[in-house]
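Numbering that gives the first Met the number 0 numbers the first residue of the sequence shown as 0 and each following residue consecutively.
For each residue, glycine too, the CB sits at the ideal point set by N, CA and C.
On a predicted model such as this, the values are computed, not experimentally measured, just so you know.
Accompanying notes for the structure given below.
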Amino acid sequence: MKALLCEKYGPPKSLTYRDIEDPRMDDNLVLVDIYSASVNFPDVLMIEDKYQFKPQLPFAPGGEASGVITETGKNISDLKKGDRVIVSSGFGAFAEKIAVDRGAITTIPDTMSHDIAAAFLMTYGTSHYALKDRAKIQAGETLFVLGAAGGVGLAAIEIGKAMGAEVIAAASSEEKLSICKDHGADKTLLYSTGKMERDEQKKFSDRIKELTDGKGADVVYDPVGGDYAEPSLRATAWEGRYLVIGFAAGDIPKIPLNLSLLKGCQIVGVFWGAFRGRSPEAHNKNVKELMEMFEKGLLRPHISSTYPLKEGYKAIEDLAHRKAKGKVIVQVKV
Ligand SMILES: NC(=O)c1ccc[n+]([C@@H]2O[C@H](COP(=O)([O-])OP(=O)(O)OC[C@H]3O[C@@H](n4cnc5c(N)ncnc54)[C@H](OP(=O)(O)O)[C@@H]3O)[C@@H](O)[C@H]2O)c1
């Protein structure tokens with residue numbers, strides 16, 4: 000089969016497209032023909048050896064895909080050949096086939112295309128778990144989303160709206176903010192891409208407070224970190240929740256803990272992959288809710304670009320260079 004491989008750590012351009020052996024099956028695995036794969040931020044880090052989880056070289060990146068089951072191991076009784084599924088593999092999805100454990104498979108409704116399915120679960124799963132289970136967001140509360148036009152950011156806007164929150168979207172360009180509005184953001188805030196000095200951080204914080212009538216945001220959703228984190232925490236409301244989602248800006252912020260005391264607010268960690276592994280029943284319930292929201296038309300994954308497998312490195316470049324809006328898809332079988 001064909002695959003796009005990381006044979007040595009380096010930038011996306013160093014990935015190689017070549018033939019490799021088909022995956023080996025066993026009684027506990029499910030074999031899937033991949034149709035579409037999506038890029039998530041860990042792909043950017045993994046190929047450069049900057050991610051906490053390190054697959055053995057050579058490996059195909061691609062943590063998530065959609066496809067059709069072609070074979071099930073003897074010990075798998077609830078799936079069959081021909082089922083359309085999402086595969087949450089962690090890596091290995093930039094390839095024509097993949098063999099995974101039962102736990103990595105989620106069946107999808109007929110109304111969901113393969114591109115949309117590949118774009119769906121990690122972003123919407125993370126934002127849904129973050130807002131519902133971790134922040135326990137309530138209708139009428141304000142939600143401030145950083146990196147709001149990114150994969151998890153746009154999903155947070157749509158889920159926040161579906162849960163009745165007032166959503167303020169922050170991003171680095173007017174084009175990105177316009178997409179946030181299309182996906183339901185009530186208000187927007189433009190920030191610069193460069194280093195944010197102290198006085199700019201203060202202005203940023205003040206602007207969030209203005210947009211929340213001086214109160215601050217009840218829930219802050221932060222997948223970016225870097226210089227944006229502290230001013231956003233400073234603009235969190237009394238008894239608010241600050242969700243630590245990720246560090247796309249690269250730097251892991253160091254936060255003065257007195258801010259949490261003064262605001263009576265919670266700094267809440269969110270690790271969707273670990274939640275999925277530790278609480279499979281709660282995860283399955285969440286997936287069911289998400290699929291229902293999708294079927295009702297409340298969730299509309301946005302795909303900014305698609306690339307063929309051979310050019311899949313460009314998909315990772317889009318995320319690395321801050322060009323992606325919503326999701327970027329690698330089409331394996333067209
Ligand atoms: N905690 C969890 O369970 C979980 C699950 C999924 C993802 N995540 C994390 O969430 C973060 C976002 O993931 P994603 O897949 O949504 O990525 P994404 O689509 O690339 O979105 C990230 C956003 O971060 C902003 N950003 C700021 N500085 C950046 C930089 N130097 N390089 C790239 N982007 C930068 C960009 O928006 P602007 O240009 O508008 O600033 C971009 O849209 C990642 O850190 C990822 O690991 C965590």
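Beta-carbon proximity check, residue i vs residue j, cutoff 8 Å
{"i": "Ala-103", "j": "Ser-87", "result": "yes"}
{"i": "Asp-42", "j": "Ile-302", "result": "no"}
{"i": "Leu-242", "j": "Arg-83", "result": "no"}
{"i": "Met-162", "j": "Ala-138", "result": "yes"}
{"i": "Val-327", "j": "Val-38", "result": "yes"}
{"i": "Val-166", "j": "Lys-160", "result": "yes"}
{"i": "Ser-171", "j": "Tyr-190", "result": "yes"}
{"i": "Ile-158", "j": "Ala-116", "result": "no"}
{"i": "Tyr-128", "j": "Trp-271", "result": "yes"}
{"i": "Pro-222", "j": "Gly-146", "result": "yes"}
{"i": "Leu-308", "j": "Leu-3", "result": "yes"}
{"i": "Ala-236", "j": "Lys-214", "result": "yes"}
Residue i Cβ short of 7 Å to ligand 1 heavy atom set
{"i": "Ala-148", "result": "yes"}
{"i": "Arg-321", "result": "yes"}
{"i": "Ile-244", "result": "yes"}
{"i": "Met-292", "result": "no"}
{"i": "Ala-170", "result": "yes"}
{"i": "Met-45", "result": "no"}
{"i": "Met-121", "result": "yes"}
CA-to-CA distance, residue j to residue i, given in whole angstroms
{"i": "Val-286", "j": "Thr-106", "result": "10 Å"}
{"i": "Gly-66", "j": "Glu-288", "result": "21 Å"}
{"i": "Met-45", "j": "Gly-311", "result": "15 Å"}
{"i": "Lys-131", "j": "Asp-18", "result": "43 Å"}
{"i": "Glu-6", "j": "Ala-164", "result": "45 Å"}
{"i": "Leu-142", "j": "Arg-275", "result": "24 Å"}
{"i": "Pro-108", "j": "Met-290", "result": "8 Å"}
{"i": "Ile-136", "j": "Gly-245", "result": "19 Å"}
{"i": "Gly-239", "j": "Glu-199", "result": "23 Å"}
{"i": "Ala-169", "j": "Val-144", "result": "6 Å"}
{"i": "Val-151", "j": "Ala-184", "result": "14 Å"}
{"i": "Ser-278", "j": "Ile-97", "result": "25 Å"}
{"i": "Gly-81", "j": "Val-329", "result": "21 Å"}
{"i": "Phe-293", "j": "Gly-263", "result": "35 Å"}
{"i": "Gly-296", "j": "Ser-177", "result": "20 Å"}
{"i": "Val-99", "j": "Glu-70", "result": "11 Å"}
{"i": "Lys-194", "j": "Asp-226", "result": "7 Å"}
Extent of the continuous beta strand (DSSP E) run through residue i
{"i": "Thr-192", "result": "No beta strand (DSSP E) contains Thr-192, which DSSP labels as neither H nor E."}
{"i": "Glu-70", "result": "63-71"}
{"i": "Leu-242", "result": "235-243"}
{"i": "Gln-330", "result": "326-330"}
Inter-residue CB distance, residue i and residue j (contact presumed, cutoff 8 Å)
{"i": "Val-29", "j": "Gly-72", "result": "7 Å"}
Boundaries (first-last residue) of the alpha helix (DSSP H) holding residue i
{"i": "Ser-177", "result": "173-181"}
{"i": "Thr-122", "result": "113-127"}
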